[in-house]
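Quick note on the UniProt record's numbering: the sequence shown kicks off at 1 and runs consecutively.
Presented below is the structure to which this report refers.
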Amino acid sequence: MNQLWQYGCALSIDDRQILTQIDEMNNQWDAHTFFDVLKAYRDFDFLLKRSFLNLLRQMPPEKAYAILHEIWFSATKDMHSFFDNSNLFKSYNDSVRLKDLIELSFFHAKQITNRPDSSSATTPVITVVMPVYRSQQYLWEALRSIYEQNYQDFELILVNQYQNDDPLDKIVSAFGDKRTIVVQNTVRSCLATSLNIGVKQAKGEFIARMDSDDIALPERFLKQIEFFRTHPEIDFCGTQYRAFGTTNSWSNPTYPLQHEEIQCRSLKLISFLHPSVMWRKEKFIEKKLKYNEEVLAEDTDLFAHVVYSLKTANLPETLVLYRREGQNLSYENLKKKDANNQSLIVLESNRLEKEILQALYKTLTLDELNILQDKERDSFTYGDALQVFKYRLGREDLSDLLPRDTSRSEKIFSTNVNNRIPVIWGYGWNGQMLEYSLHEQGYSHYRIVDQRMQELGATIDSSYVMRIEELDGKSSEYYIIISMDKHFSEVTDKLGRYGYTPQRDYIEFFI
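Below, the structure is given as structure tokens:
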């Protein structure tokens, strides 16, 4: 630590407090909560990155990196074994969470990059588009993961968003990779605008998306390019992912691989991880696809149009590490309203679902119309769409792709709530949509429980949160709305033990 002060680093009061906390925790980690330990070392990691920028003014990048690698390695090398040997991990996920914090840190590796020989082609095969805005805390790992790809024939376009205060030029210069192009967005605009700017400037045959806080595994580009070369009919391809982070909720859905399964899932759910997708630029242009700059969820909007414009696929391999710090989906989006005081994100979701149903209806065969008894397009529902995909996929059970049709749940809830306090079980995106719906119906008293967040010891930014155990034996006071995209027997079994009866006391509800 003294080396930092010797070179004029970590001199602020906040930085000194971080270093003091790390010194106090060293080999006494059991005296602190696990959540506090994770936060302290995450802050320490960021302090070292800021110090790196300071050291770069005084010495070559390799020397500066070596100093900080030694500091990080010395401070963390015994942590995981200490927790493991002392039986301090409450779950396997806690063990993974700490291991990720240590080993995925920028300064854990012995050198800045371990880069294969790069291509010198004037026209790259891949263009990577990465918007950057106030992301210097994690940008280092994201950039390294691109530069260390096994497939090196690419260019990287960083779209520097308007009034970004990240020292982007200094960060990029530390890596010394001439394939990196920084494009400055000169006006205040949304993420979709920055993405369209990057896509427009792309020279590559393929365009790959990447976020500035995630990590692409070394074989990602190679696997996707090989897949495109052997599957010329596929125009748009994503991958599986693993979530990581100090407040990780550990939700890792498996995305479907085949095009028709992807279309099916897209009726209600996201079918791709945005920072994993790659597509053929020519086909994208041919179908006049672009990011919608008028919506809040530009990725969801794009995917809804892609699945009925291009042939799609997902690879079975996990090729991206997706950072989850805090709640990635903010309730603030649900508060954004139009001139008629209606939630913009709710309107977007409803609009997209209608557009997807209409796009699906246009593809119906005579046999499928016969199954639906020649139903007209305007009366084509989600339940009808489920029937279509059961026929197309040749199976009755679609639970691995879609939630059940819960369109009757709202009526069941209204009939049975009987002046009880509604409780939303699960505070993901659907839970937040349900919360907004309760507000719209005039419910000022309701509660929220979230099992994963509770197990994590993480807090939800809401005054309505309660602990799950408080529901025990209180079916006369609370009515439970289970907000999950599939049936979880452990949830309904627990409610049964607590004295709750299906429909009378709880309902599964997916908007």
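From the three backbone atoms N, C-alpha and C, an ideal C-beta is built for every residue, glycine too.
Proximity of the region 137-150 to the region 163-179 meets the contact definition, three or more beta-carbon pairs being nearer than 8 Å. Under the DSSP definition of a beta bridge, Pro502 partners with Tyr506.
Annotation: Asn252 to Val187 spans about 36 Å, alpha carbon to alpha carbon.
Going by DSSP, Asn164 is part of no beta strand (DSSP E) at all; its letter is neither H nor E.
Between Arg404 and Phe510, the CB-CB gap stays under 9 Å. Runs of the beta strand (DSSP E) lying entirely within the UniProt domain "Glycosyltransferase 2-like" (127-285) and spanning at least 3 residues, in chain order: 154-160, 180-184, 206-209, 236-244 and 278-280. With respect to His69, Phe44 sits apart: the two C-beta atoms are not nearer than 9 Å. The three-state secondary structure of Leu56, taken from DSSP, is coil. Going by beta carbons, Leu156 and Met130 fall inside the 9 Å limit. Residues of the same chain with a CB within less than 7 Å of the CB of Ile197, apart from the 5 flanking positions on each side, are Val159, Val183 and Asn185 in chain order.
A straight line joining the alpha-carbon of Glu440 with that of Tyr391 spans about 37 Å. Taking C-alpha positions only, Thr113 is separated from Pro422 by approximately 52 Å.
Rounded to the nearest angstrom, the Cβ distance from Ile215 to Glu141 is 5 Å, consistent with a contact under 8 Å. With contacts defined as CB atoms closer than 9 Å, Tyr506 and Ile482 qualify as a contacting pair. Restricted to the region 10-88, the alpha helix (DSSP H) segments that are unbroken, complete and at least 4 residues in length are 13-25, 34-55, 61-76 and 79-85, listed in chain order. Ranking Ile270, Tyr446 and Leu53 by CA distance to the CA of Asp166 puts Leu53 first. Judged by their CB atoms, Ser266 and Gly238 are not nearer to each other than the 9 Å cut-off. Leaving aside the five residues that flank Gly431 on each side, the residues in its chain whose CB is nearer than 6 Å to its CB run, in chain order, Ile424 and Ser483.
Secondary structure note for Tyr382: its alpha helix (DSSP H) is the uninterrupted segment Tyr382 to Leu393. With a 10 Å radius around the Cβ and a threshold of 16 neighbouring Cβ atoms, Trp5 comes out exposed. Rounded to whole angstroms, the separation of the alpha carbons of Gln137 and Phe46 is 6 Å. Closest in C-alpha terms to Asp472, from the list Leu495, Lys268, Thr459 and Ser437, comes Leu495. For Leu321, the enclosing beta strand (DSSP E) has its first and last residue at Thr312 to Arg323. Its Cα nearest to that of Phe221, the residue Gln152 stands out among Leu191, Gln152, Tyr241 and Gln240. Put simply, the region 292-309 touches the region 348-360. At least three CB pairs are less than 8 Å apart. Boundaries of the alpha helix (DSSP H) around Arg97: Tyr92 to Glu103. Per DSSP, Arg351 is one residue of the alpha helix (DSSP H) stretching across Leu344 to Lys362. Annotation for Lys268: Glu353, Tyr382, Leu402, Pro403, Asp485 and Phe510 place their beta carbon closer than 8 Å to its own, counting only its chain and skipping 5 residues before and after. Counting of Cβ neighbours within 10 angstroms places Met453 among the buried residues, the total reaching 16 or more.
With respect to the 9 Å criterion, Met278 and Arg209 are classified as neighbours on the basis of their beta carbons.
Going by DSSP, Arg497 is part of the alpha helix (DSSP H) stretching over Ser489 to Arg497. The DSSP assignment places complete beta strand (DSSP E) segments of no fewer than 3 residues inside the region 407-450 at 421-425 and 447-449, in order along the chain. Here the alpha carbon of Lys287 sits roughly 15 Å from the alpha carbon of Phe206. According to DSSP, Tyr478 shares a beta bridge with Ile421.
Nearest neighbour of Glu325 by Cα position, chosen from Asp100, Pro60 and Gly499, turns out to be Asp100.
Looking at the DSSP output, Val465 bridges to Ile448.
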